[in-house]
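Visitor: In this text, residue positions in the sequence shown follow numbering that gives the first Met the number 0: the first is 0, and each later residue adds one.
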Amino acid sequence: MCNRESQTSSGDGMRLKHIDQMRAIAILCMVEVHTAAIIPPSGITVGHPAAFVAAAFGGMAAPLFVTVSGWGLHRGAQRRFSNGLRSEAWLNWLLPRIALLVACQFLVNILLNDERGGRFEWQTPGILTLLALAALAAPLIVNLSLRARGVLMLAFIATPLVLGDLAGPDWGWWTRVGSSGVEEWFERLLINGTYPALPWLSFMFLGSILCDIEDNRRNSVLWMSGGFAVIGISMIQSARLGIPFALTEGDAILTFFPANAAFLITAATFVLLTEALLSRFSVEGGDKLAFIEPVGQITLTIYVAHFAVLGAAAMCLEGEPRLALIPAFAITIAHTLVWIPLAQLHQRHCPNISFEALLRRITS
Numbered sequence: 000m001c002n003r004e005s006q007t008s009s010g011d012g013m014r015l016k017h018i019d020q021m022r023a024i025a026i027l028c029m030v031e032v033h034t035a036a037i038i039p040p041s042g043i044t045v046g047h048p049a050a051f052v053a054a055a056f057g058g059m060a061a062p063l064f065v066t067v068s069g070w071g072l073h074r075g076a077q078r079r080f081s082n083g084l085r086s087e088a089w090l091n092w093l094l095p096r097i098a099l100l101v102a103c104q105f106l107v108n109i110l111l112n113d114e115r116g117g118r119f120e121w122q123t124p125g126i127l128t129l130l131a132l133a134a135l136a137a138p139l140i141v142n143l144s145l146r147a148r149g150v151l152m153l154a155f156i157a158t159p160l161v162l163g164d165l166a167g168p169d170w171g172w173w174t175r176v177g178s179s180g181v182e183e184w185f186e187r188l189l190i191n192g193t194y195p196a197l198p199w200l201s202f203m204f205l206g207s208i209l210c211d212i213e214d215n216r217r218n219s220v221l222w223m224s225g226g227f228a229v230i231g232i233s234m235i236q237s238a239r240l241g242i243p244f245a246l247t248e249g250d251a252i253l254t255f256f257p258a259n260a261a262f263l264i265t266a267a268t269f270v271l272l273t274e275a276l277l278s279r280f281s282v283e284g285g286d287k288l289a290f291i292e293p294v295g296q297i298t299l300t301i302y303v304a305h306f307a308v309l310g311a312a313a314m315c316l317e318g319e320p321r322l323a324l325i326p327a328f329a330i331t332i333a334h335t336l337v338w339i340p341l342a343q344l345h346q347r348h349c350p351n352i353s354f355e356a357l358l359r360r361i362t363s
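1. Between Gly-171 and Leu-72, what straight-line distance do the alpha-carbon atoms span, to the nearest angstrom?
2. Could you name the residues of the same chain whose beta carbon sits closer than 7 Å to that of Ala-23, not counting the 5 residues immediately before and after it, in chain order?
3. With a CB to CB cut of under 8 Å and the five nearest residues on each side skipped, what residues in its chain are close to Phe-105?
4. In angstroms with no decimal places, state the Cα-to-Cα distance between Ser-9 and Leu-127.
5. Buried or exposed for Glu-4, please, with buried defined as at least 16 other CB atoms from any protein chain shown within 10 angstroms of its CB.
6. At a cut of 8 Å, does the region 161-170 reach the region 26-33 through at least three beta carbon pairs?
7. Assuming Lys-16 is part of the alpha helix (DSSP H), what are its boundary residues?
8. So for Ala-61, helix, strand or coil by DSSP?
9. Would you call the region 112-121 in contact with the region 309-326, where contact means no fewer than 3 C-beta pairs closer than 8 Å?
10. Within the chosen definition, does the region 267-275 reach the region 225-238 through at least 3 CB pairs nearer than 8 Å?
11. Take Trp-199 and list the residues in its own chain whose beta-carbon comes closer than 7 Å to its own, dropping the five residues that flank it on each side.
12. Check each candidate in Arg-146, His-17, Ala-238 and name the one with the smallest Cα separation from Asn-218.
13. Taking the continuous alpha helix (DSSP H) assigned at Gln-343, which residues delimit it?
14. Roughly how many angstroms separate the alpha carbons of Gln-347 and Ala-102, rounded to a whole number?
15. If you draw a straight line from the C-alpha of Asn-351 to the C-alpha of Val-107, how long is it?
16. Between the C-alpha atoms of Gly-12 and Arg-360, what's the straight-line distance to the nearest angstrom?
17. Taking DSSP's pairing of strands, which residues face Ala-245 in a bridge?
18. Report the three-state DSSP secondary structure of Asn-91 (helix, strand or coil).
19. Mapping DSSP to helix, strand and coil, what is Asn-112?
20. Considering only residues of the same chain and omitting the five flanking positions on each side of Gln-343, which have a CB-CB separation below 6 Å?
21. Name the two residues that bound the continuous alpha helix (DSSP H) containing Glu-186.
Listed below in structure tokens is the structure:
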């Protein structure tokens, strides 16, 4: 079972401080990269340092988000398995969670719809439908050994090598978020959307592994060592071939759309590093990062809410010239950081008004 020294009590029982901090960092990075995409500054190319920094934060956001979600699902599944719950109880836990995640995905798509200057079609599968699939898989993997889950994680990481053109390496954004009919929708959900199950469920397996190796840091260090070796080889290959090391999409060693194996290994390595550092700091650093923990307790709520803000911004800015670098940067940072005090106020005054609280009520 998952154990940690640094815990706090809450309506959920015992919360792990460093996991809430990881969730907070993940959602804040997501807010940052999504805001930068809706309010891009003028004159910034993919090679500009500002673009590289934004892409780096964005590249870590989704892997962190899926990993900590996988950690939470595995922890919850372990609790339910240890209690010997029947299949009916499993369904009572899973179905509301899956339904809420899918409903929130469609809500996000409507809030940032392409017809109003946004980036999604109403039916676009995304990271929340990915988490719904992860929830569906949780009972199936809870009894698997650590070794079996490690093998499955590596198999999912390797799927881009097998999928090839099926993953849509040459696709533009609107092809990736669009789908005509049920068959194409499931293709986007499983193999060639923004966050398809193949290969993104690899981070769910990583979360379940982290849950079980937290008392054995040697395993984590071994995984990181292998990951950094791959990163080093990738950087050498980039220099040797004269192609970019990382791009959101296009011809590069690491690509996000679609996520290739080099990106997945790099992201998993930095997820492991982040978890190790936060875990150690939560014990040795006291409460210095406690101020971001409320953000980590309402990540789904913030995820949906920030798209409401960005949807309004997209409508206002549609057809307008891009902002200069400084104003665009200031707005992006302000919109990212404002969720910290908002989350603190929320947890202090109305903690039971959130998607997380709703989920607790309908699954209790």
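Quick reminder that beta carbons are idealized off the backbone N, C-alpha and C, glycines included. Predicted model, so just to flag it, every value in this text is computed and none were measured.
Guide: Considering the structure as presented:
1. Along the sequence shown, read from residue 1 onward, the residue named residue 171 stands at position 172. Along the sequence shown, read from residue 1 onward, the residue named residue 72 stands at position 73. If you take the alpha carbons of Gly-171 and Leu-72, they lie about 33 Å apart.
2. In the sequence shown, residue 23 corresponds to position 24, counting from 1. Hits under 7 Å: Ile-291, Glu-292, Val-294, Gly-295.
3. Counting from one through the sequence shown, the residue named residue 105 turns up at place 106. Result list for Phe-105: Trp-121, Gln-122, in chain order.
4. On the sequence shown, position 10 is the one that residue 9 refers to. On the sequence shown, position 128 is the one that residue 127 refers to. Confidence at Ser-9 is low in this model, with a pLDDT of 49, below 50, so its placement is unreliable and no value can be given for it.
5. Numbered from 1 along the sequence shown, position 5 holds the residue referred to as residue 4. With a pLDDT of only 46 at Glu-4, under the threshold of 50, the placement of this residue in the model should not be trusted; the figure read from the coordinates follows. By the neighbour-count rule (16 or more Cβ atoms within 10 Å), Glu-4 is not buried but exposed.
6. Contact between the region 161-170 and the region 26-33 is absent: fewer than three C-beta pairs spanning the two stretches fall below 8 Å.
7. Locating residue 16 in the sequence shown gives position 17, where the first residue counts as 1. It spans 16-37 - the alpha helix (DSSP H) in which Lys-16 sits, taken as one unbroken run.
8. Working through the sequence shown from its first residue, we reach residue 61 at position 62. In the structure shown, Ala-61 sits in a helix (DSSP, three-state: H, G or I).
9. yes
10. yes
11. As a first step, residue 199 must be located in the sequence shown, where it is residue number 200. Closer than 7 Å at the Cβ level, and outside the excluded window around Trp-199, lie Val-65, Leu-129, Ala-258.
12. Within the sequence shown, residue 218 is the residue found at index 219, counting from 1. The shortest C-alpha separation from Asn-218 is found at Arg-146.
13. Working through the sequence shown from its first residue, we reach residue 343 at position 344. From DSSP, the alpha helix (DSSP H) with Gln-343 extends over 338-348.
14. Looking up residue 347 in the sequence shown gives position 348. Looking up residue 102 in the sequence shown gives position 103. The question names Gln, but residue 347 is Arg in the sequence shown. Distance between the alpha carbons of Arg-347 and Ala-102 is about 27 Å.
15. As a first step, residue 351 is located in the sequence shown; it is residue number 352 there, counting from the start. As a first step, residue 107 is located in the sequence shown; it is residue number 108 there, counting from the start. C-alpha separation (whole angstroms): 21 Å.
16. Your numbering for residue 12 matches position 13 in the sequence shown. Your numbering for residue 360 matches position 361 in the sequence shown. Any answer about Gly-12 is weak, because its pLDDT of 46 lies below 50 and its placement is not dependable; what the coordinates show is given next. Between Gly-12 and Arg-360, the C-alpha separation is close to 14 Å.
17. As a working note, residue 245 is residue 246 in the sequence shown. Assignment of beta-bridge partners to Ala-245 by DSSP yields Leu-253.
18. Counted from its first residue, the sequence shown places residue 91 at position 92. Here Asn-91 sits in helix by DSSP.
19. Numbered from its first residue, the sequence shown carries residue 112 at position 113. DSSP places Asn-112 in strand when its eight states are reduced to three.
20. If you number the sequence shown from 1, residue 343 lands on position 344. Cβ within range, chain order: Pro-293.
21. Within the sequence shown, numbered from 1, the residue matching residue 186 stands at position 187. That run of the alpha helix (DSSP H) goes 180-186.
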